[in-house]
Amino acid sequence: GATINVGTTPSIPDTTVYTFAFYIWQQVNHWKTDGTKDYGDQLYALQSFLTPTCREQLVADMEQRSASGELSRRTRAVMEIPGLGYSEERVLVQGGNAWKVLLDTQVQETQANVPVKDAYIRYPLRVVRFDVDREKNPWQLAIDCFGGERPARLEAKAVAVSQAGHTVAQVRTDANAAAAPAPVPGPANATAPAAAPTISPATLPKASN
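Take my numbering: the final residue in the sequence shown is number 219, and no numbers are missing along the way.
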């Protein structure tokens, strides 16, 4: 039902950008039963919604976690913190084709059914226009990971204050707060990235036994 005007660039509402960023990132980080399988499965299923640079970064993160034994029998869930959902200040326009989206989330992990993590994390996601394959990506958007930044831990007190005042919480500077993949420098304009090899089950790293 969409109308495409050739030669024009339609505007994308901030609400759409935020919804896209949260939905895709939540799914990337949904490891239902075992991270050794689920992480790769999610990257494969969602590859059309990630830029090639971001896909490579996340695959490298998966390899590193697998090598250190962090994924075995590990589950992960990323949830939006109640009361800290979309607001205008959470979507920052970076030119006409890119946005910075601040997601305030609660991250919970278990390993062998034992809780190992329950933290408030802010993800500064970079979202770019990505009109590459409308059959596989009708959003025409893609996550470009963190755009040179890193996730940061939110203190529980800061979250409570933010919830009470419906404002964006202040973050604590901690490079290792979220144990997230390090940012990978990329081109300033990632709206039309060069073609990259498609991720498939055969090319994803296999977990060691």
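All C-beta atoms in this analysis are idealised placements derived from N, C-alpha and C, irrespective of residue type, glycine included.
Predicted, not measured: the structure shown is a model, and the values here were computed from it.
What residues in its chain sit with their C-beta under 6 Å from that of residue i, if we drop five residues either side in the sequence?
i           : result
residue 108 : 138
residue 252 : Examination of residue 252 is not possible in this model, given that the chain is present from 11 through 219 alone.
residue 151 : 30, 137, 140
residue 118 : 87, 128
residue 146 : 58
residue 48  : 41, 42
Does DSSP classify residue i as helix, strand or coil?
i           : result
residue 98  : helix
residue 160 : coil
residue 87  : strand
residue 165 : coil
residue 150 : coil
residue 207 : With a pLDDT of 37 at residue 207, under the threshold of 50, the modelled position of that residue is not reliable, and no figure is offered here.
residue 20  : coil
residue 30  : helix
residue 229 : In this structure the chain extends from 11 to 219, so residue 229 is not present and cannot be described.
residue 128 : strand
residue 25  : helix
residue 171 : helix
residue 139 : strand
residue 38  : helix
residue 56  : coil
residue 69  : helix
residue 61  : coil
Between the options, which lies nearest to residue i when the distance is taken from Cα to Cα?
i          : options         : result
residue 44 : 156, 124, 111   : 124
residue 87 : 174, 149, 41    : 41
residue 77 : 63, 46, 66      : 46
residue 36 : 115, 75, 23     : 115
residue 52 : 38, 65, 62, 22  : 38
residue 23 : 134, 101, 173   : 101
residue 62 : 149, 155, 134   : 155
residue 27 : 75, 90, 135, 79 : 135
Can you find the residues in the same chain that come closer than 7 Å, C-beta to C-beta, to residue i, ignoring five residues on each side of it along the sequence?
i           : result
residue 99  : 178
residue 25  : 96
residue 126 : 119, 120
residue 89  : 115, 116
residue 64  : 153, 154, 155
Name the DSSP bridge partner or partners of residue i?
i           : result
residue 134 : 112
residue 178 : Residue 178 is not bridged to any residue.
Here's a check: name, in chain order, each residue in its chain whose Cβ is nearer than 8 Å to the Cβ of residue i, leaving out the five neighbours to either side.
i           : result
residue 21  : none
residue 143 : 58
How about the region 58–69 and the region 100–117: do they share at least three Cβ pairs that are nearer than 8 Å? Fewer than three beta-carbon pairs drawn from the region 58–69 and the region 100–117 are found closer than 8 Å, and the two stretches are therefore not classed as touching.
Quick one: any contact between the region 160–172 and the region 123–130, if contact means 3 or more CB pairs under 8 Å? Contact between the region 160–172 and the region 123–130 is present: 3 or more CB-CB pairs across the two stretches fall below 8 Å.
Determine contact between the region 25–36 and the region 109–116, defined as no fewer than three beta-carbon pairs at a distance below 8 Å. Counting Cβ pairs under 8 Å, three or more are found: they touch.
The region 146–166 / the region 72–86 touching (three or more Cβ pairs under 8 Å): Touching, no, given that fewer than three Cβ pairs across the two stretches are closer than 8 Å.
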